[in-house]
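Numbering (full-length UniProt numbering), first residue to last: 1 to 274.
Reviewing the structure listed below.
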C-alpha cells in the first residue's frame, strides 16, 4: 500500500533528520575521543625508553671514566694486555673520549693537521695514540698510525714504547693527548729513536697536566727533560685554554754523555662525574 504524497515527504524528512542525528552523534563521538586522547597524552608518564637511554648514557660515562683512569695509572704494556683481554673496552673508551672532545671549542689534532698542511707532504709522520686515525685521513703525508687496538687496517696495534719501525725513518712524531701511561718517557724515547735528525716532535697535552697551580707538572721541567733526551725546544704555544702545544726538533747529533733524565710526573687527567 502506498503512502499519500504528503506522507511520503514527511517520511523522507524524518529519515533525513534521523541520519543527521546519527551523523552528529558519530562526529561528536570522534571529537570526544580526540579530546580524551589529548588529555591522556598530557598525563602520560615519561617514556621508559627515554629513561633507559639516560641510564645507558650514565653507564657508558662511568665505563669511560673507569677505563680512562686505568690508562693514566698503568704502563703501556699493561694497557695493551688490558685491551687484548676485551677489545670492546677500546671502543667504549673512544666513544666516551669523542663525547668529551666534542665539548672542546678546538681540538689539538686540528691544529696539528693545519701545521702539517703548511709543510711539505713529503714528510713522513708517526702518530702515537692515533685513536680513529683522523690525522692520517686528513693529510696527504705518509702516516704511521699507532694505538693499543686496531679497528682499522691502517692502524698498527702496539705498545707505543716499542713500534715496528726502523731507526731514523720518520720526519714528524705526534703525541696528541696520548702521553697517558706512567711510563710515558719510554714513548718519547721511542719517538726519538725513529725520528730522523732534525725531525719534529709535536706534543699536545691537557693544560692542567702542565700547570703546577692545579697539581700538574712544571712545564719548564718537562721541556728540559725532553731536551735532555736529545731535542731542542722550538715553539711553546699556551694560547688555547684547554691544551698546550709544544714543538721540538731532534738534535742533529746526540750527546755522547748519557745521564739519567729526571722526568716530572704527569698527573692523571680524570673526568668528573656529570
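From the three backbone atoms N, C-alpha and C, an ideal C-beta is built for every residue, glycine too.
Please read all numbers here as calculations on a predicted model, not as lab measurements.
Keeping to the same chain, check which residues put their C-beta closer than 8 Å to that of residue i; ignore five residues upstream and five downstream.
i           : result
residue 73  : 182, 268
residue 227 : 233, 248
residue 135 : 109, 112, 113, 116, 125, 127, 143, 145, 174, 176
Based on DSSP bridge pairs, tell me the residues matched to residue i.
i           : result
residue 232 : 249
residue 244 : 205
residue 128 : 146, 175
residue 218 : Its beta-bridge partners do not exist; DSSP assigns none.
residue 155 : 145
residue 170 : 195
residue 237 : 245
residue 200 : 172, 249
Rounded C-beta distance between residue i and residue j? I'm assuming under 8 Å.
i           : j           : result
residue 150 : residue 127 : Going by Cβ atoms, the distance from residue 150 to residue 127 rounds to 13 Å, so no, they are not a contact pair.
residue 194 : residue 229 : The Cβ separation is near 13 Å, so there is no contact.
residue 93  : residue 64  : 6 Å
residue 133 : residue 169 : Wrong, their Cβ atoms sit about 19 Å apart, outside the cutoff.
What does a CB cutoff of less than 6 Å around residue i pick up in its chain, not counting 5 residues either side in sequence?
i           : result
residue 108 : 176, 204, 243
residue 104 : 242
residue 235 : 247
residue 71  : 79, 180
residue 208 : 214, 216
residue 263 : 185, 225
What residues in its chain sit with their C-beta under 7 Å from that of residue i, if we drop five residues either side in the sequence?
i           : result
residue 158 : 146, 164
residue 265 : 217
residue 59  : The predicted position of residue 59 is uncertain, since its pLDDT is 44 and thus under 50; no value can be drawn from it.
residue 160 : 76, 128, 129, 146, 187, 190
Count Cβ pairs between the segment 110-120 and the segment 180-187 that sit closer than 8 Å; are there 3 or more?
Three or more Cβ pairs closer than 8 Å define a contact, and the segment 110-120 falls short of that threshold against the segment 180-187.
4 or more residues per run - each alpha helix (DSSP H) lying fully within the segment 60-96
76-85
Mind the definition here: the segment 192-207 touches the segment 249-266 only if three or more C-beta pairs lie below 8 Å; say whether that holds.
yes
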